Amino acid sequence: TLGDVPGAPAAAVEWAPALLRGLREGPAPPIVGVDSEWVASRPISLLQLAAGRRCLLLRVGPTSAIAGALPASVCELLADPSLVKTGVGVSHDLRLVLEQFGAPCAGHVELQALAAREGVQAAGLAGLARHVLGVHLDKDPALRCGDWEAPALSAAQVDYAAQDAQVGRGIFAARTGEHH
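Right, here's the structure in full:
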């Protein structure tokens, strides 16, 4: 299961502090899978944060209720160097978060660099998921490049987005022995 994915912006804003508290105080390792989605040549529309069995999908695009700003607890999570933020392309995603929302990030690990140091040359998240976790990720271009600014995300988009962040976290945990 992908866990909790709050749909309404208010639910997401309330859920983010619980995610942060759980990472700092809970039994799970302090690892956050991070990803983002956007429509070509547009600002980030969706920020995904996965921790434990939960994933926060935060609509942040120009048409969202919180356009141009991130909840304070999300900014706190991103800036906390004790929480490892990880994913494929996470450096790029977090640079965009800084540029678009002014939210600095500390403590991130690029999965492709981690894998390369271990001699794994799998390309992209799908390749790493297959190699490290034995998991197949559907990277259908119609879904991957879909309308992330749509008024409501489809069930397929929600699954895709949550899975990308969860799998990134899982790869890091598997490679570093941080399982919970």
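Quick note on my numbering: the sequence shown kicks off at 9 and runs consecutively. Even glycine gets a Cβ: it sits at the ideal position worked out from N, Cα and C. Note that the structure is predicted; figures quoted are calculated from it, not measured.
query	result
Taking 8 Å as the threshold, find out whether the region 131 to 138 comes into contact with the region 172 to 184 through three or more Cβ pairs.	yes
Straight-line CA distance for A164 to H144?	15 Å
Enumerate in chain order the residues of its own chain whose CB-to-CB distance from F109 is below 6 Å, with the five nearest sequence positions on each side excluded.	L78
With DSSP as the reference, identify every bridge partner of R177, one or two as the case may be.	Bridge partners of R177: none, in fact.
Compare the beta carbon distance of G115 and P149 with 8 Å and say whether it is the shorter of the two.	no
For L31, I'd like the list of residues in its chain whose CB is within less than 6 Å of its CB, leaving aside the five on either flank, ordered along the chain.	P38, A59 and L91
Sort out for me which residues DSSP pairs G41 with in a bridge.	A58 and T94
Can you give the Cα-Cα distance for L65 and G127, rounded to whole angstroms?	32 Å
Just list the residues that DSSP pairs R29 with in beta bridges.	Partner(s): none; R29 has no beta bridge.
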